[in-house]
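Trainee: Here's a structure for you.
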Amino acid sequence: MATTYKRVGSSKNAVIDGVIGGYAWTSKTLTFGFTKQDIDKNGIDDFAEGDWKDFYREMFADIAACIDVTFRETSVANATLKQTLLDTGGGGFSGGPGPTEDTVTTAVGIDPKSVKSAADIIRLGTFSDVWLHEIAHSLGLKHTHDSIAGPTLPGVADEDDKGTGLLNSSIYSVMGYTYAFWGEDNPFTKAKDFGATLNAQPGSLGAIDIAALQHMYGAKTHNTGNDVYRFSDDVDFNRGYTTLWDTGGIDTIAYAGTSRAKIDLRAATLKAEIGGGGWLSTSETLTGGFTIANGVVIENAKGGPAADILIGNAAGNVLDGGRGADQMQGLGGNDTYVVDNVADRVSEAASAGTDLVKSSVSFTLGANLENLLLTGSLGVNGTGNGLANRLTGNGAANVLSGAAGNDTLDGGQGADTLIGGAGNDTYVVDDKGDKTIEAKSAGTDLVKSSISLTLAANVENLVLTGKAALSGKGHAHSNAITGNAAGNRLDGGAGSDSLCGNAGKDQFVFSTALGASNVDHIRDFSATDDTIVLSGKIFAALPSGTLSAGLFKDIAVAKVDAGDRLLYNSDSGALFYDADGSGAGKAVQFAHLDNKAAITFADFFIV
Numbered sequence: 001m002a003t004t005y006k007r008v009g010s011s012k013n014a015v016i017d018g019v020i021g022g023y024a025w026t027s028k029t030l031t032f033g034f035t036k037q038d039i040d041k042n043g044i045d046d047f048a049e050g051d052w053k054d055f056y057r058e059m060f061a062d063i064a065a066c067i068d069v070t071f072r073e074t075s076v077a078n079a080t081l082k083q084t085l086l087d088t089g090g091g092g093f094s095g096g097p098g099p100t101e102d103t104v105t106t107a108v109g110i111d112p113k114s115v116k117s118a119a120d121i122i123r124l125g126t127f128s129d130v131w132l133h134e135i136a137h138s139l140g141l142k143h144t145h146d147s148i149a150g151p152t153l154p155g156v157a158d159e160d161d162k163g164t165g166l167l168n169s170s171i172y173s174v175m176g177y178t179y180a181f182w183g184e185d186n187p188f189t190k191a192k193d194f195g196a197t198l199n200a201q202p203g204s205l206g207a208i209d210i211a212a213l214q215h216m217y218g219a220k221t222h223n224t225g226n227d228v229y230r231f232s233d234d235v236d237f238n239r240g241y242t243t244l245w246d247t248g249g250i251d252t253i254a255y256a257g258t259s260r261a262k263i264d265l266r267a268a269t270l271k272a273e274i275g276g277g278g279w280l281s282t283s284e285t286l287t288g289g290f291t292i293a294n295g296v297v298i299e300n301a302k303g304g305p306a307a308d309i310l311i312g313n314a315a316g317n318v319l320d321g322g323r324g325a326d327q328m329q330g331l332g333g334n335d336t337y338v339v340d341n342v343a344d345r346v347s348e349a350a351s352a353g354t355d356l357v358k359s360s361v362s363f364t365l366g367a368n369l370e371n372l373l374l375t376g377s378l379g380v381n382g383t384g385n386g387l388a389n390r391l392t393g394n395g396a397a398n399v400l401s402g403a404a405g406n407d408t409l410d411g412g413q414g415a416d417t418l419i420g421g422a423g424n425d426t427y428v429v430d431d432k433g434d435k436t437i438e439a440k441s442a443g444t445d446l447v448k449s450s451i452s453l454t455l456a457a458n459v460e461n462l463v464l465t466g467k468a469a470l471s472g473k474g475h476a477h478s479n480a481i482t483g484n485a486a487g488n489r490l491d492g493g494a495g496s497d498s499l500c501g502n503a504g505k506d507q508f509v510f511s512t513a514l515g516a517s518n519v520d521h522i523r524d525f526s527a528t529d530d531t532i533v534l535s536g537k538i539f540a541a542l543p544s545g546t547l548s549a550g551l552f553k554d555i556a557v558a559k560v561d562a563g564d565r566l567l568y569n570s571d572s573g574a575l576f577y578d579a580d581g582s583g584a585g586k587a588v589q590f591a592h593l594d595n596k597a598a599i600t601f602a603d604f605f606i607v
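Position 81, counted from 1, in the sequence shown is what full-length UniProt numbering calls 81; the numbers after and before it change by one each time, with no gaps.
Written out as structure tokens, the structure is:
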């Protein structure tokens, strides 16, 4: 059945245009059929009747997953794309859409000298490049070096040219004649010539081919779930290179072999540069692997037991090198690195996202890495850098050192040692064995504690967390202490402190010598729920227990008399202690109620 054609205009991309032959089929449904062949070479006559057709069907299905075309099998008499198999030698030929062709014949020749069994013909990466090459011709693609039907691939004047950015490799486009992988992005060997064997040819269209056919026919969604693409060193995979087309989900490339592997999550840029056709994921011993088509985002990479290289992309990647001494680089995005070897190396560029290292070994964050989470059950340690780091321990006893920067140190369970270093640091405390260590003049620091706590030297502020009723106490410097929603006991110690109880029946404790530099601010006193607790050693003129009415006076509404000891100015919120009433001693302010609460003698208790 005849199918009309259409002229294909420029994609405005020199790399894509380098393989477009100028015409495409108009219909989005293309029919294909098979001619009968009689082949009896090296005992593969049965193959001619069945397996080769299945291989063609698989290739059409793979191509249909990338482009907006449906391939439908029919009789050869009614087919637009007629497929045949020859035994006249290697290579093949195919027509394509255009003014002179309503149907095309695609033929693949099999060289009997190269075939030991039928299985050799249909394995990925053996004759598959020829089959793909000829099918792509039948859809309208041309050779990378052909300038008659359109511009060549950049830098390709002859079929043996490497091309600009080394693009003229069948890994990147099956439309070239160059079977060498030039190796500039391969860490294991400078160059790899896979044209000399049958074990290293493309098993799919390259990224350039996919982009060109999508320009001609449109793209199709495919593999929208959370997919895992695995490669290994076994013989079934060790025969070809596959370009991934995946349009959704959180996806992973995983290596299941034992050699050194490289996994590169960067997609083809389709520019005349290194990486224009993609970046190879492979292993040291493998003649096969993955590249990633333009527009595809593969988020995660997982290596094997050897020393692997993992490279991310602009998305938020999870890079897990496995047990070896791995090198991991996330590029852009908020990346997560899994570290399990003391020799693992993580590198990150500046301004390339907020990144997390999950480490089961002691680890020091390198440049441009923000956060560290210690995993496993061992007492390992973590050290930050000059950024604002978040360091989190595991269930064991960890030592976390923030270094410079405004760090958050959370030891997790276990008796942890938290060392802030320079910067305004935050400590998260949840174990009575936790220690916070801060140098003098090393920033304004905060402890968030789910247990009762007395602030260590040089740590300024405390916030009580959780739901339990807790105690929080300051030291000789000015502290800010904040309670949780339960009934807390807050004691600023010496210094002019800020005390906030929040909800609950809170106690505000005054237990240090009074003076002008020791006036605490109670920010949210509730006359209904809260109590001001005074130490009998400091407030010696007051008897223990509940304060009697005659010892308290609101001086904003009444005059002081000789028996008054606690003086409150409800207009200003100032609270004073007068040890001798109308004697020679002056009243000393020790607190200020910021909300000017309407307190009475009943709001005090002396211990």
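We put the beta carbon where it would ideally sit given N, CA and C, even for glycine.
Please report the distance separating the alpha-carbon of Ser471 from that of Leu542.
Mentor: In the sequence shown, counting from the first residue as 1, residue 471 sits at position 471. In the sequence shown, counting from the first residue as 1, residue 542 sits at position 542. Taking the straight line from one Cα to the other gives about 24 Å.
Trainee: Over the uninterrupted beta strand (DSSP E) stretch that includes Ser359, give me the two end residues.
Mentor: Counting from one through the sequence shown, the residue named residue 359 turns up at place 359. Taken as a continuous stretch (DSSP letters only), the beta strand (DSSP E) holding Ser359 covers Leu356 to Ser359.
Trainee: May I ask you to report which of helix, strand or coil DSSP gives Ala540?
Mentor: Reading the sequence shown from its first residue, position 540 is the one you call residue 540. Residue state, collapsed to three classes: coil.
Trainee: For Ala191, which three-state DSSP category applies?
Mentor: The residue labelled residue 191 in the question sits at position 191 within the sequence shown. Bear in mind that the predicted position of Ala191 carries a pLDDT of just 38, short of 50, making it too unreliable to give a figure here.
Trainee: For Val357, count the other beta carbons within 10 Å of its own beta carbon; 16 or more makes it buried, fewer makes it exposed. Which is it?
Mentor: As a position in the sequence shown, residue 357 is number 357, starting the count at 1. Buried, because 16 or more other Cβ atoms sit within 10 Å of the Cβ of Val357.
Trainee: Helix, strand or coil: how does DSSP classify Gln329 here?
Mentor: Position 329 of the sequence shown, counting from 1, holds the residue named residue 329. Three-state DSSP puts Gln329 in a strand.
Trainee: So, does the stretch 530–537 touch the stretch 549–565, judging by three or more C-beta pairs under 8 Å?
Mentor: No, the stretch 530–537 does not touch the stretch 549–565.
Trainee: On the three-state DSSP scale, how would you describe Gly92?
Mentor: In the sequence shown, counting from the first residue as 1, residue 92 sits at position 92. Residue state, collapsed to three classes: strand.
Trainee: Determine the extent of the alpha helix (DSSP H) in which Gln507 is found, giving its start and end residues.
Mentor: Within the sequence shown, numbered from 1, the residue matching residue 507 stands at position 507. It is not in any alpha helix (DSSP H) - Gln507 instead sits in the beta strand (DSSP E) that spans Gln507 to Phe510.
Trainee: Assign Val228 to buried or exposed, taking buried as 16 or more other Cβ atoms, counted over all protein chains shown, within 10 Å of its Cβ.
Mentor: To locate residue 228, count along the sequence shown from 1; it is residue 228. With fewer than 16 Cβ atoms within 10 Å of its Cβ, Val228 is classed as exposed.
Trainee: Pull up the distance between the alpha-carbon of Asp594 and that of Ala343, whole angstroms please.
Mentor: Here the question's residue 594 lines up with position 594 in the sequence shown. Here the question's residue 343 lines up with position 343 in the sequence shown. Roughly 56 Å between the two C-alpha positions.
Trainee: To the nearest angstrom, how far is it from the Cα of Ala211 to the Cα of Leu85?
Mentor: Start at 1 with the first residue of the sequence shown, and residue 211 comes out as number 211. Start at 1 with the first residue of the sequence shown, and residue 85 comes out as number 85. Straight-line Cα distance between these residues: approximately 28 Å.
Trainee: For the stretch 404–417 and the stretch 382–391, state whether three or more C-beta atom pairs, one from each stretch, are separated by less than 8 Å.
Mentor: At 8 Å Cβ cutoff, the stretches touch.
Trainee: Compare the beta carbon distance of Arg349 and Leu331 with 8 Å and say whether it is the shorter of the two.
Mentor: Position 349 of the sequence shown, counted from the first residue, corresponds to residue 349. Position 331 of the sequence shown, counted from the first residue, corresponds to residue 331. Sequence check: residue 349 is Ala here, not Arg. A contact, by the Cβ cut-off of 8 Å.
Trainee: Helix, strand or coil, according to DSSP, for Lys162 in the structure here?
Mentor: Working through the sequence shown from its first residue, we reach residue 162 at position 162. Coil, per DSSP.
Trainee: Just verifying my parser: in three-state terms, what is the DSSP assignment at Glu134?
Mentor: Numbered from its first residue, the sequence shown carries residue 134 at position 134. In the structure shown, Glu134 sits in a helix (DSSP, three-state: H, G or I).
Trainee: With three or more beta-carbon pairs closer than 8 Å as the criterion, would you say the stretch 6–24 touches the stretch 139–157?
Mentor: The stretch 6–24, when compared against the stretch 139–157, does touch it at the 8 Å Cβ threshold.
Trainee: Terminal residues of the continuous beta strand (DSSP E) containing Ala574?
Mentor: Position 574 of the sequence shown, counting from 1, holds the residue named residue 574. Taken as a continuous stretch (DSSP letters only), the beta strand (DSSP E) holding Ala574 covers Ala574 to Tyr577.
Trainee: Going by alpha carbons, who is nearest to Gly423 out of Lys432, Gly303, Gly277 and Thr408?
Mentor: For this step, residue 423 is matched to residue 423 along the sequence shown. The option with the nearest alpha carbon to Gly423 is Thr408.
Trainee: Could you check what DSSP says for Lys53 in three-state terms: helix, strand or coil?
Mentor: Position 53 of the sequence shown, counted from the first residue, corresponds to residue 53. Looking at Lys53 - three-state DSSP - the assignment turns out to be helix.
Trainee: Tell me where the beta strand (DSSP E) around Leu213 begins and ends.
Mentor: Numbered from 1 along the sequence shown, position 213 holds the residue referred to as residue 213. Segment Ala207 to Tyr217 is the alpha helix (DSSP H) holding Leu213; no beta strand (DSSP E) there.
Trainee: On the DSSP bridge list, what partners appear for Val399?
Mentor: Position 399 of the sequence shown, counting from 1, holds the residue named residue 399. According to DSSP, Val399 bridges with Thr417.
Trainee: Ordered along the chain, which non-local residues of its own chain (more than five positions away) have a Cβ less than 7 Å from that of residue 608?
Mentor: With the chain covering only 1 through 607, there is no way to say anything about residue 608.
Trainee: For the candidate residues Lys586, Gln413 and Tyr427, whose alpha-carbon lies nearest to that of Ala516?
Mentor: In the sequence shown, counting from the first residue as 1, residue 516 sits at position 516. Comparing Cα-Cα distances from Ala516 to each of Lys586, Gln413 and Tyr427, the minimum goes to Lys586.
Trainee: So what does Thr252 bridge to, in DSSP terms?
Mentor: In the sequence shown, the residue the question calls residue 252 occupies position 252. Partner(s): Val228 and Asn300.
Trainee: First and last residue of the alpha helix (DSSP H) that includes Gly16?
Mentor: If you number the sequence shown from 1, residue 16 lands on position 16. For the record, residue 16 in the displayed sequence is Ile; it is not Gly. Here the alpha helix (DSSP H) through Ile16 covers Ala14 to Asp17.
Trainee: Please report the residue range of the beta strand (DSSP E) in which Arg489 lies.
Mentor: Mapped onto the sequence shown, residue 489 falls at position 489. Arg489 to Asp491 is the extent of the beta strand (DSSP E) around Arg489.
Trainee: Please list the terminal residues of the continuous beta strand (DSSP E) segment that includes Ile171.
Mentor: Indexing the sequence shown from 1 puts residue 171 at position 171. Per DSSP, Ile171 belongs to no beta strand (DSSP E) and is neither H nor E.
Trainee: Taking 8 Å as the cut-off, decide whether the C-beta atoms of residue 663 and Gly257 are in contact.
Mentor: As displayed, the chain neither begins before 1 nor continues past 607, which places residue 663 out of reach and without an answer.
Trainee: State whether the stretch 413–432 contacts the stretch 451–470, with contact taken as three or more CB pairs (one from each stretch) at a distance under 8 Å.
Mentor: Yes: the two stretches touch, three or more of their Cβ pairs being nearer than 8 Å.
Trainee: Among residues of its own chain, excluding the 5 on either side of Gly150, which ones have a beta-carbon nearer than 7 Å to its beta-carbon?
Mentor: Here residue 150 refers to the residue found at position 150 when the sequence shown is read from its first residue. Around Gly150: Asp17, Ile20, Gly21, Gly22 and Lys142.
Trainee: Hey, is Val361's beta-carbon within less than 8 Å of any beta-carbon in chain B?
Mentor: Chain labels in this structure do not include chain B; a single protein chain is all it has.
Trainee: Who are the near neighbours of Thr417 in its chain, counting only those whose CB is closer than 6 Å to its CB and skipping five residues on each side?
Mentor: For this step, residue 417 is matched to residue 417 along the sequence shown. Here the set comprises Val399 and Lys435.
Trainee: Put Asn186 into one of helix, strand or coil per three-state DSSP.
Mentor: On the sequence shown, position 186 is the one that residue 186 refers to. For Asn186, the predicted structure reports a pLDDT of 49, less than 50, and the residue's modelled location is therefore unreliable. A value from the coordinates is still provided. Of the three classes helix, strand and coil, the one that applies to Asn186 here is coil, per DSSP.
Trainee: Tell me where the beta strand (DSSP E) around Val156 begins and ends.
Mentor: Taking the sequence shown and counting its residues from 1, one reaches residue 156 at position 156. Here Val156 belongs to no beta strand (DSSP E), and DSSP marks it neither H nor E.
Trainee: Quick one, which of Gln329, Gly303, Leu213 and Ala157 has its alpha-carbon nearest Ile253's?
Mentor: Sequence index remark: in the sequence shown, residue 253 carries index 253 (1-based). Closest by alpha carbon: Gly303.
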